[in-house]
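In what follows, a single structure is set out as structure tokens and then discussed.
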Amino acid sequence: MSRKTRHSIDYLPARGSRDAPSRFRGDGDALRSFLSDVEDLLDSYGIDNKKVHAEAIFRYCSSSVRMLLEELPSYRRQDVKAMIKDLKKHFPPRKQASRYRRSDLEDLVDEYSHEDITIDTLEAFIKYKSRFDRIGFCLLDHGKIDRFLLDKAFWDGIPETLQDRLQEEGLLKIESPFAPSSLQVTVAAQTHFTLATHSIASFGGINHLGVQHTRLGRNWFVWLAFGLVAIVGAFVALTRGRLEDHVAR
78 MSRKTRHSID YLPARGSRDA PSRFRGDGDA LRSFLSDVED LLDSYGIDNK KVHAEAIFRY
138 CSSSVRMLLE ELPSYRRQDV KAMIKDLKKH FPPRKQASRY RRSDLEDLVD EYSHEDITID
198 TLEAFIKYKS RFDRIGFCLL DHGKIDRFLL DKAFWDGIPE TLQDRLQEEG LLKIESPFAP
258 SSLQVTVAAQ THFTLATHSI ASFGGINHLG VQHTRLGRNW FVWLAFGLVA IVGAFVALTR
318 GRLEDHVAR
């Protein structure tokens with residue numbers, strides 16, 4: 078293979094293909110080997126470009142990790158060194174993470190729910206989710222908390238203003254005594270903030286696109302978003318139903 082320096086992500090294998098690095102799914106113990114595999118891949122393709130390096134890291138991450146990266150200034154700047162530093166901060170090794178206690182999670186929930194902190198942008202929500210997941214999933218992995226308590230804590234940490242909006246917009250339906258799953262809340266929050274951004278952009282573009290075209294585009298996006306929320310809700314309801322049946326037996 079030619080050693081000519083290349084400057085495009087298109088040269089690299091698709092995510093999930095045979096020659097691609099194993100997908101990074103947020104396991105802190107796997108981060109170092111993942112980053113090394115990406116560097117080896119770039120070297121084998123003769124690619125020596127920092128922006129392509131940043132895109133390669135992004136490409137071979139799971140959807141949840143990519144969602145986090147999209148909200149980080151380091152990824153937006155294509156600053157690969159800062160990206161790697163952020164990944165190490167958000168996904169520490171399990172040995173380090175095992176030091177977390179339930180009180181650490183409770184403190185984080187109290188910080189967001191009781192203090193003067195707002196989640197009024199998708200970036201702010203992702204920041205909360207990232208901090209919560211770093212502690213919460215480590216507690217879950219070490220048997221210090223169960224899944225239902227984890228979901229309840231995640232929902233309790235969402236400020237009441239955002240909780241109310243997600244329910245008023247029909248993006249979440251609370252079925253007592255269960256709290257919505259973190260997946261449901263994440264999809265609902267993404268939909269809420271994306272629709273808000275889309276509405277602002279559509280309003281600003283009316284003079285150029287025409288009112289009718291803008292409304293059609295917005296309606297299509299709304300139906301798609303609500304369909305996604307419905308699918309996630311059905312999946313979570315089915316999972317809970319199966320668990321209840323199992324417990325009843």
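If you're matching positions, the sequence shown starts at 78 in the numbering used here and goes up one per residue. Each residue gets a CB set at the ideal place from its N, CA and C atoms; glycine is no exception. As the structure is a computational prediction, the values presented were derived from the model and not from experiment.
Buried versus exposed call for residue i [16 or more other C-beta atoms within 10 Å across all chains shown]
| i | result |
| --- | --- |
| residue 236 | buried |
| residue 219 | exposed |
| residue 265 | buried |
| residue 269 | buried |
| residue 93 | exposed |
| residue 228 | buried |
| residue 263 | buried |
| residue 259 | buried |
| residue 78 | Its pLDDT being 42, under 50, residue 78 is placed unreliably by the model, and the measurement read from it follows with that caveat. By the 10 Å Cβ count, residue 78 comes out exposed. |
Residues bridged to residue i (per DSSP)
| i | result |
| --- | --- |
| residue 101 | 138 |
7 Å Cβ shell around residue i - same chain, five flanking residues per side excluded
| i | result |
| --- | --- |
| residue 145 | 167, 203, 207 |
| residue 161 | 112 |
| residue 163 | 149, 151 |
| residue 244 | 251 |
| residue 205 | 189, 196, 234 |
Close Cβ partners of residue i (< 6 Å) along its chain, the five nearest in sequence each way excluded
| i | result |
| --- | --- |
| residue 234 | 186, 189, 190 |
| residue 114 | 98 |
| residue 241 | none |
| residue 157 | 127, 130, 131 |
| residue 181 | 212 |
| residue 96 | 90 |
| residue 292 | Per-residue confidence for residue 292 stands at a pLDDT of 38, beneath the threshold of 50, marking its modelled position as unreliable; the derived number appears in the next sentence. Nothing listed; no residue qualifies. |
Closest Cα partner of residue i within the set the options
| i | options | result |
| --- | --- | --- |
| residue 231 | 248, 211, 137, 245 | 211 |
| residue 124 | 107, 88, 193, 257 | 88 |
| residue 178 | 209, 239, 120 | 209 |
| residue 84 | 119, 102, 96, 108 | 119 |
| residue 201 | 184, 104, 239 | 239 |
| residue 86 | 109, 104, 135 | 135 |
| residue 104 | 169, 90, 121 | 169 |
| residue 143 | 165, 108, 110, 102 | 102 |
Own chain residues within Cβ distance below 8 Å of residue i, not counting five before or after
| i | result |
| --- | --- |
| residue 175 | 215, 219 |
| residue 100 | 92, 93, 137, 138, 139 |
| residue 217 | 223, 224, 227 |
Complete runs of the alpha helix (DSSP H) confined to the stretch 142-230 [at least 4 residues]: 150-153, 157-167, 171-174, 179-191, 199-218
Uninterrupted alpha helix (DSSP H) stretches inside the stretch 234-266 (no shorter than 4 residues): 237-245
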